[in-house]
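Residue numbers (the working numbering): 48 to 437. Heads up, the thing below is written out as structure tokens.
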């Protein structure tokens, strides 16, 4: 939906199953329209579309794409952003580090992302920017050599060139957002700045870099890394790095008492990777590849001050006696946006872990869950003058 200051808000449809276009479209018809009826029945409604590679290929068929464009118009819906992070199956199977494959060392990732921009350019309404979010180059354990890092930069530059061509040909303003995440090639602010510095050295004074490549700022990921939103976003601004999109997401934070560690086992699923950053009382930090590793490793036996866990919990989930959340980081980002609404025009709520949430956090159907996400988010936006009260 369109908010004040030309901001756009959607939820990411990666919460729903759907690897084929038929499955993806069915989810839009069955769930997205039901949510739209509850939160935005009378105004154009924005969709944060997730397309697998297979679904993108199938939607590229001219008749299929035309049918979708007509469906969007008939239902007063529009697409302004596409989640291009997960390439393949994302639900109902063991994903873990597979979500980073193929990475940006491969021609498959480049072709997939270019295809998403080709589709987005044909779906965007007039005078609305378009963004695609992608993985932060690759997973550190899978990308290890200088040659692989050089190949990543080369492929991303080929994508920038493609996005620039599509933008010029269609008159659209399009940009790709790299999404930093724990244990990835781009993990924290320092790595992001270094990466863009390398690209600028390799492509000096080329305006296409700043215009078409930026960062997808996921508030869960940055909070798990213990980053301060004012400092992190300030660094991006000072270095002229575009904020392509802001993912509104919430992470788990706990004081790792014996009781809390026992309760955390309910979050240790076999589908997604849940990196854990541990902060000690002396300020030192360590990182664990997955929640089970932290629960069974040395972290469980040390007097850590706090754990932050890459597990996207609902935005509206209140703190409990055992579990906190990182809503303070998310709200800090919204405070910055209220102070400078031109900071980023794309907002997307992302709680893709709904299927694997513990039962006490999933005591409603997915439509009710998404309506509650909107209610929490819109209330926070209204409080900051970024949206009008209903």
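Ideal placement from N, C-alpha and C gives every residue a C-beta, glycine not left out. Only a predicted model underlies this, so the values are computations on that prediction, with no experimental measurement involved.
Residue i vs residue j beta-carbon contact at 8 Å
| i | j | result |
| --- | --- | --- |
| residue 320 | residue 144 | yes |
| residue 185 | residue 199 | yes |
| residue 58 | residue 91 | no |
| residue 390 | residue 311 | no |
| residue 166 | residue 103 | yes |
| residue 452 | residue 428 | Shown here, the chain extends from 48 to 437; a query on residue 452 therefore has no answer. |
| residue 363 | residue 423 | yes |
| residue 226 | residue 276 | no |
| residue 355 | residue 242 | no |
| residue 286 | residue 322 | no |
| residue 414 | residue 78 | yes |
Option in the options with minimal Cα separation from residue i
| i | options | result |
| --- | --- | --- |
| residue 395 | 128, 99, 410 | 128 |
| residue 222 | 242, 234, 179 | 179 |
| residue 297 | 202, 269, 220, 317 | 269 |
| residue 344 | 308, 372, 371 | 308 |
| residue 303 | 249, 371, 251, 264 | 371 |
| residue 190 | 149, 164, 82 | 149 |
| residue 212 | 235, 173, 259 | 259 |
| residue 134 | 114, 173, 181 | 181 |
| residue 331 | 353, 161, 156 | 353 |
| residue 397 | 87, 51, 63, 52 | 63 |
| residue 138 | 61, 224, 361 | 61 |
Three-state secondary structure assigned by DSSP to residue i
| i | result |
| --- | --- |
| residue 19 | Residue 19 lies beyond the residue range present for the chain, which begins at 48 and ends at 437; the question has no answer from this structure. |
| residue 130 | strand |
| residue 150 | coil |
| residue 97 | strand |
| residue 292 | strand |
| residue 224 | strand |
| residue 200 | helix |
| residue 312 | helix |
| residue 392 | coil |
| residue 170 | helix |
| residue 49 | strand |
Distance, residue j Cα to residue i Cα
| i | j | result |
| --- | --- | --- |
| residue 306 | residue 405 | 16 Å |
| residue 117 | residue 341 | 49 Å |
| residue 279 | residue 110 | 44 Å |
| residue 295 | residue 217 | 29 Å |
| residue 393 | residue 54 | 6 Å |
| residue 233 | residue 196 | 11 Å |
| residue 339 | residue 399 | 20 Å |
| residue 99 | residue 65 | 8 Å |
| residue 201 | residue 141 | 30 Å |
| residue 247 | residue 237 | 15 Å |
| residue 368 | residue 161 | 46 Å |
| residue 288 | residue 412 | 39 Å |
| residue 284 | residue 108 | 39 Å |
| residue 67 | residue 219 | 27 Å |
| residue 208 | residue 97 | 23 Å |
| residue 328 | residue 314 | 25 Å |
| residue 48 | residue 263 | 19 Å |
| residue 206 | residue 326 | 37 Å |
| residue 266 | residue 164 | 24 Å |
| residue 380 | residue 214 | 29 Å |
| residue 388 | residue 50 | 11 Å |
Test: residue i CB closer than 8 Å to a CB of chain B
| i | result |
| --- | --- |
| residue 371 | This model lacks chain B altogether, as it is built from one protein chain only. |
Supposed contact pair residue j and residue i - C-beta distance, whole angstroms, cut 8 Å
| i | j | result |
| --- | --- | --- |
| residue 324 | residue 229 | 6 Å |
| residue 431 | residue 385 | 4 Å |
| residue 292 | residue 235 | Between residue 235 and residue 292 the Cβ distance is about 18 Å, and since that is not below 8 Å, they are no contact. |
| residue 56 | residue 81 | Their Cβ separation, rounded to whole angstroms, is 17 Å, which puts residue 56 and residue 81 out of contact at 8 Å. |
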